[in-house]
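A quick write-up on the structure given underneath.
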Amino acid sequence: MSLKRASRVLAKDLQLGPRSPVFLWVLILPFLITFLVQVAFGDLFDPQPRLGIVDRDSSAITSAVRSLDGIELTVLDDTDALKRRVESNDLDAGLVLPAGFDTDVRSGARPPLEFYVGGESRASNRIILAVTTIDLVREVEGRAPPVEVEVVSLGTEVLPLTVRLVPFVVMYALLIAAVFLPSFSLADEREKHTLDALLVTPTKLSEVVVAKGVLGFGLAIAMAFVTLWLNGALAVQALALTVVLVIAGLLLVEIGLVYGTASKDVTGVFTLIKGTGFILLGPTVFYIFPDWPQWIAKLFPTYWVINPIYEVTVNGAGLSAVSAELAIALGVIALMLVPIALLTRRLETKLGVA
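When we follow our numbering, the leftmost residue of the sequence shown carries the number 2, and every step to the right adds one.
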């Protein structure tokens, strides 16, 4: 194989690439998907704080909360039901007002006040509801606050959904650049017979495959960094992030080359990607739903690059923390060379250039 000839094919693809809608889609996608995620799940449309109250004696606090704008109130009859709603994130906080609470407050006593917050509730909503509760108690008493509010967090602290979606957003950008672009380019040239014309020259099919892979790999790494930057998830561990993305890019490019050499036309590529898309992106679902059994995610081959991306970008992990997973990913990359070589040889036979 000649690297010089492969570089010429790469230069040709770079020159003609911007004319392809797929190439442009690779460049636009990170911006589009980031915008959609931020609009749907981010801070652009913040939900109102949701407060649940169990009121044993028709407290003035409940009536006052009903008259407040910007707080969604739910009145319940049972404390256990209130706790369940808070734990399941149906409510941001829960307040239990015992019988005779207002009377005790006005008499100068310090009655107990139960205030619960959910692990998935926004910190801003917790503060709003806690401060509002203190102010309302002060109004009932008429002087200095007669109670001390103890905030008890129920459930495990969970990262915001926009943060948990980072692996999905990054993997989608990698998938389009590293899988779809090389496979589509190979199938498109085969379908239009430009590949036949190229192989009449001294250029070998293996050199064309390498050039397609290098193009997809380079764009995948670039767009992954852009996507992380747009989502504010560029890790402090620059070396770890670079190594993880390089390994992820290599694995996905190999999948793209398998699709491209196995498909006889563009329709075949679309069919393969649609049929296996869930396998490629499946592990990202387990970060959106952390209560699901996490061991299932390890059954997907792409888990071994998705989880390092998550650990490095979200948790700030270093290379040592993800070394075992990256070693497995490198093993998968080595194994993938076999089907790529076999499929390239088969395609050469079909094209009559073996």
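Just so you know, even glycine gets a beta-carbon here, dropped at the ideal spot from N, CA and C.
>> I'd like to check one pair, Leu114 with Arg51: are the Cβ atoms closer than 8 Å?
In response: Against the sequence shown, residue 51 aligns to sequence position 50. Against the sequence shown, residue 114 aligns to sequence position 113. Contact: no.
>> Residues in the same chain with beta-carbon distance under 6 Å from Arg123, minus the five sequence neighbours each way, listed in chain order, please.
In response: Stepping through the sequence shown from its first residue, residue 123 is reached at position 122. Nothing meets the Cβ criterion.
>> Please state the DSSP three-state secondary structure of Ser315.
In response: Translated into positions along the sequence shown, residue 315 becomes position 314. The sequence as given places Val at residue 315; Ser does not occur at that position. DSSP places Val315 in coil when its eight states are reduced to three.
> Going along the chain, which unbroken runs of the alpha helix (DSSP H) with 4 or more residues stay wholly within the region 207 to 265?
Replying inline: 239 to 263
>> Cutting at 6 Å between CB atoms, please list the residues of its own chain near Val241, excluding the five before and the five after it.
In response: By one-based count along the sequence shown, residue 241 stands at place 240. Rather than Val, the amino acid found at residue 241 in this sequence is Ala. Closer than 6 Å at Cβ, skipping near neighbours: Val313, Gly319, Leu320.
>> Between the region 334 to 347 and the region 251 to 271, can you find at least three pairs of beta-carbon atoms closer than 8 Å?
In response: By the criterion of at least three beta-carbon pairs nearer than 8 Å, the region 251 to 271 is in contact with the region 334 to 347.
>> Three or more C-beta pairs under 8 Å: does that hold for the region 270 to 287 against the region 296 to 304?
In response: Contact between the region 270 to 287 and the region 296 to 304 is present, because at least three Cβ pairs lie under 8 Å.
>> If distances are taken between C-alpha atoms only, which option among Glu208, Phe279, Arg127, Trp230 comes closest to Ala12?
In response: Counted from its first residue, the sequence shown places residue 12 at position 11. When only C-alpha atoms are compared, the closest one is Glu208.
> Do the CB positions of Thr262 and Thr345 come within less than 8 Å of each other?
Replying inline: On the sequence shown, position 261 is the one that residue 262 refers to. On the sequence shown, position 344 is the one that residue 345 refers to. Closer than 8 Å, so yes.
>> Between which two residues does the alpha helix (DSSP H) holding Asp1 run?
In response: With the chain represented from 2 up to 355, any question about residue 1 goes unanswered, as that position is not in the structure.
>> Looking at the secondary structure, which residues open and close the alpha helix (DSSP H) in which Val138 lies?
In response: Here residue 138 refers to the residue found at position 137 of the sequence shown. Segment 124 to 142, the alpha helix (DSSP H) holding Val138.
> What's the call for Ser60, buried or exposed, on a 16-neighbour Cβ count within 10 Å?
Replying inline: For the purposes of this step, residue 60 is identified with residue 59 of the sequence shown, where counting begins at 1. Buried.
> Between Gly214 and Pro183, what straight-line distance do the alpha-carbon atoms span, to the nearest angstrom?
Replying inline: Here residue 214 is taken as the residue at index 213 of the sequence shown, counted from 1. Here residue 183 is taken as the residue at index 182 of the sequence shown, counted from 1. Going from the Cα of Gly214 to the Cα of Pro183 covers about 6 Å.
>> Let's test the definition: count the other Cβ atoms within 10 Å of the Cβ of Gly405 and tell me whether it reaches 16, buried, or not, exposed.
In response: Outside the modelled stretch of the chain, which goes from 2 to 355, sits residue 405, for which no answer is possible.
> Across which residues does DSSP place Gly276 in a beta bridge pair?
Replying inline: Counting from one through the sequence shown, the residue named residue 276 turns up at place 275. Partner(s): none; Gly276 has no beta bridge.
>> Assuming the contact rule is C-beta atoms closer than 8 Å, Tyr260 and Val270 should be a hit. Round their C-beta distance to whole Å, please.
In response: Against the sequence shown, residue 260 aligns to sequence position 259. Against the sequence shown, residue 270 aligns to sequence position 269. Rounded, the Cβ-Cβ distance is 6 Å, consistent with contact.
> What whole-angstrom Cβ distance do Thr228 and Thr35 have, given they're in contact under 8 Å?
Replying inline: For the purposes of this step, residue 228 is taken as residue 227 along the sequence shown, with counting starting at 1. For the purposes of this step, residue 35 is taken as residue 34 along the sequence shown, with counting starting at 1. About 7 Å; that satisfies the 8 Å criterion.
> How many whole angstroms separate the CB atoms of Val333 and Leu252, which I take to be in contact at a CB cut-off of 8 Å?
Replying inline: Counted from its first residue, the sequence shown places residue 333 at position 332. Counted from its first residue, the sequence shown places residue 252 at position 251. Indeed they touch by this definition, with Cβ atoms about 6 Å apart.
>> Per the DSSP calculation, Leu352 is bridged to which residue(s)?
In response: For this step, residue 352 is matched to residue 351 along the sequence shown. None, per the DSSP bridge assignment.
> Once you ignore the five residues that flank Val244 on each side, which residues in its own chain have a CB closer than 8 Å to its CB?
Replying inline: For the purposes of this step, residue 244 is taken as residue 243 along the sequence shown, with counting starting at 1. Closer than 8 Å at the Cβ level, and outside the excluded window around Val244, lie Leu320, Leu327.
>> Given a cut-off of 8 Å on the beta-carbon distance, is the pair Ala249 and Ile310 in contact?
In response: Residue mapping note: residue 249 aligns to position 248 of the sequence shown, counting from 1. Residue mapping note: residue 310 aligns to position 309 of the sequence shown, counting from 1. Cβ distance < 8 Å, so Ala249 and Ile310 count as in contact.
> Does the distance from the CB of Asp56 to the CB of Leu83 come in under 8 Å?
Replying inline: Your numbering for residue 56 matches position 55 in the sequence shown. Your numbering for residue 83 matches position 82 in the sequence shown. No, these two residues do not count as a Cβ contact at 8 Å.
> When the Cα of Thr195 is compared with those of Phe32, Leu352, Ser3, Pro19, which residue comes out closest?
Replying inline: Taking the first residue of the sequence shown as 1, we reach residue 195 at position 194. When only C-alpha atoms are compared, the closest one is Leu352.
> Could you give the C-beta distance for Ser7 and Ala212, rounded to a whole number, given that I count them as a contact under 8 Å?
Replying inline: Counting from one through the sequence shown, the residue named residue 7 turns up at place 6. Counting from one through the sequence shown, the residue named residue 212 turns up at place 211. Looking at the sequence provided, one finds Ala at residue 7 rather than Ser. Confirmed, Cβ separation roughly 5 Å.
> Around the Cβ of Thr202, are there at least 16 other Cβ atoms within 10 angstroms (buried) or fewer (exposed)?
Replying inline: Within the sequence shown, residue 202 is the residue found at index 201, counting from 1. With fewer than 16 other Cβ atoms within 10 Å, it is exposed.
>> Going by C-alpha to C-alpha distance, which of Gln49, Ser68, Leu96, Ile72 sits closest to Asp364?
In response: There is simply no residue 364 to check, as the chain begins at 2 and stops at 355 in what is shown.
>> Check this for me: beta carbons of Ala179 and Ala221, under 8 Å apart or not?
In response: Sequence index remark: in the sequence shown, residue 179 carries index 178 (1-based). Sequence index remark: in the sequence shown, residue 221 carries index 220 (1-based). It is a contact, given that the beta carbons lie within the stated cut-off.
>> In the DSSP output, what is Ile54 paired with across the bridge?
In response: Numbered from 1 along the sequence shown, position 53 holds the residue referred to as residue 54. Ile54 is bridged to Val76, Leu96.
> So, is Leu33 buried or exposed, given that buried needs 16 or more other C-beta atoms within 10 angstroms?
Replying inline: Counted from its first residue, the sequence shown places residue 33 at position 32. Exposed, because fewer than 16 other Cβ atoms sit within 10 Å of the Cβ of Leu33.
>> To the nearest angstrom, how far is the alpha carbon of Arg111 from that of Asp136?
In response: Position 110 of the sequence shown, counted from the start, is the residue given in the question as residue 111. Position 135 of the sequence shown, counted from the start, is the residue given in the question as residue 136. Taking the straight line from one Cα to the other gives about 15 Å.
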